[in-house]
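What follows is a single structure, written as structure tokens, with notes after it.
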Amino acid sequence: MSQIIEQLIARARANKQRIVLPESLEERTLTAADLALRDELAEIILIGNPDEIMALAAKLGLQNVGKATIIDPATSDKTEEYAQLLAKLREKKGMTIEKARQQVLDPLYFGCLIIKSGDADGQISGALSTTGDTLRPALQIIKCAPGITCVSGAMLLITNAHEYGDDGVLVMGDVAVTPVPDANQLAQIAVCTAQTAKAVAGIDPRVAMLSFSTKGSAKHEAVDKVVEATRIAHEMAPELQLDGELQADAALVPSVGEKKCPGSPIAGHANVLVAPCLEVGNIGYKLVQRLGGAEAIGPILQGIARPVNDLSRGCSVDDIYKMVAITACQAIAAKEGE
Numbered sequence: 000m001s002q003i004i005e006q007l008i009a010r011a012r013a014n015k016q017r018i019v020l021p022e023s024l025e026e027r028t029l030t031a032a033d034l035a036l037r038d039e040l041a042e043i044i045l046i047g048n049p050d051e052i053m054a055l056a057a058k059l060g061l062q063n064v065g066k067a068t069i070i071d072p073a074t075s076d077k078t079e080e081y082a083q084l085l086a087k088l089r090e091k092k093g094m095t096i097e098k099a100r101q102q103v104l105d106p107l108y109f110g111c112l113i114i115k116s117g118d119a120d121g122q123i124s125g126a127l128s129t130t131g132d133t134l135r136p137a138l139q140i141i142k143c144a145p146g147i148t149c150v151s152g153a154m155l156l157i158t159n160a161h162e163y164g165d166d167g168v169l170v171m172g173d174v175a176v177t178p179v180p181d182a183n184q185l186a187q188i189a190v191c192t193a194q195t196a197k198a199v200a201g202i203d204p205r206v207a208m209l210s211f212s213t214k215g216s217a218k219h220e221a222v223d224k225v226v227e228a229t230r231i232a233h234e235m236a237p238e239l240q241l242d243g244e245l246q247a248d249a250a251l252v253p254s255v256g257e258k259k260c261p262g263s264p265i266a267g268h269a270n271v272l273v274a275p276c277l278e279v280g281n282i283g284y285k286l287v288q289r290l291g292g293a294e295a296i297g298p299i300l301q302g303i304a305r306p307v308n309d310l311s312r313g314c315s316v317d318d319i320y321k322m323v324a325i326t327a328c329q330a331i332a333a334k335e336g337e
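0 is the number of the first residue of the sequence shown in numbering that gives the first Met the number 0; add one for each residue after it.
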């Protein structure tokens, strides 16, 4: 296990958060929950029928699931309270109490309502559910963080190129959610990705706004968008170390950064890379992962008031375990930022 992951786990264990796993009858998820409980990584809340969950735990030979809080929406004394909350939150969208009472039985909605009520700190799903199913209740119930209107996804890249980033560690966004962000959205993605880098990787973010141009070397409306996003990001977070527009080599390689962008505090030293669009971000991180042998952890969803993370349906037990630690660190940071 890499040092950055060990540090991430240590931060989570030192300040245990309440993490909801709504897909409690999914075998990988339940196994990861068992490991997280064994290692005291977080307080785990499982959504579902207790008898069914414990029967599956016994079948899988899991020893620690009994330490979890197990809540069945069909029988919980909180269900009606959460239904009333959902009806109130979605009233303007036509949500009636009758519809809310049905909707609240969905574990993904129930989990987000637990968080909204202050009874949990984050949620992880996606081993069974689509990204849309994971995001929909989060955006309807928990909503975006203050000043943020778009959700994005960051990827933690642990590379063997120790001369770049922070000893080979970089964070890249958006790699998962917003296909063609406008300048304002791109600025938000930059600020959120920097926050993720600090909360999850524990690094002091140095943000490069990536482009095929460095400081006017090319003229195009796509470059103009990055320039405008850089300006907006500076207004949103004046304290943030951020520069753009920068080509990837100018952002990462000190000699190239000094040549192409002399005097920039970021050029050649970036540890956070903000792609100009989802296409670039998604392709870029996968090339680094497959051709460069980097460990890619994520996507880590960002921009939601409390962390709700999405798993790949092909995820491993180890992926889910790490995401519990990541979600806990995001929750810690969200509380500290209030």
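Even for Gly, the Cβ is constructed at its ideal location relative to N, Cα and C.
### Task
With a threshold of 16 other CB atoms inside 10 Å of the CB of Ile8, please say whether the residue is buried or exposed.
Label assigned to Ile8: buried.
### DSSP state of Cys149 mapped onto helix, strand, coil
Of the three classes helix, strand and coil, the one that applies to Cys149 here is coil, per DSSP.
### Task
Taking Pro298 as part of the beta strand (DSSP E), name the residues at either end of that continuous run.
Per DSSP, Pro298 belongs to the beta strand (DSSP E) from 294-301.
### Task
Indicate whether Leu155 and Val199 have their beta-carbon atoms separated by less than 8 angstroms.
yes
### Query
Can you list the alpha helix (DSSP H) stretches of 4 or more residues lying completely in the region 206-272, in chain order?
220-235, 247-251, 253-259
### Query
Below 8 angstroms between beta carbons: does that hold for Gln122 and Cys111?
yes
#### Entry: Nearest-angstrom Cα separation, counted from Asp318 out to Ala126
10 angstroms
### Query
Can you tell me whether Arg230 is buried or exposed, with buried defined as 16 or more other CB within 10 angstroms of its CB?
exposed
### Query
Among Gln187, Val150, Gly167, Asn183, which residue has its Cα nearest to the Cα of Thr177?
Val150
### Query
Going by DSSP, which residues form a beta bridge with Gln6?
DSSP, once it has assigned bridges, lists no residue as partnering Gln6.
### Query
Shortest alpha-carbon distance to Gly336 belongs to which of Thr195, Arg12, Asp166?
Checked all of Thr195, Arg12, Asp166; the closest Cα to Gly336 is Thr195.
### Task
Quick one: measure Cβ to Cβ for Ile4 and Pro21, integer angstroms, because I've assumed they're closer than 8 angstroms.
Rounded, the Cβ-Cβ distance is 24 angstroms, inconsistent with contact.
### Query
For Gln83, which of Ala56, Val168, Lys115 has the nearest alpha-carbon?
Lys115
### Query
With distances taken from CA atoms, which of Ile296, Tyr81, Pro106, Glu244 is nearest Asp223?
Glu244
#### Entry: Rounded distance between the beta-carbons of Leu310 and Ser124, thought under 8 angstroms
7 angstroms
### Query
Between which two residues does the alpha helix (DSSP H) carrying Asp318 extend?
Start and end: 316-335.
#### Entry: Beta carbon of Arg37 nearer than 8 angstroms to that of Ser315
no
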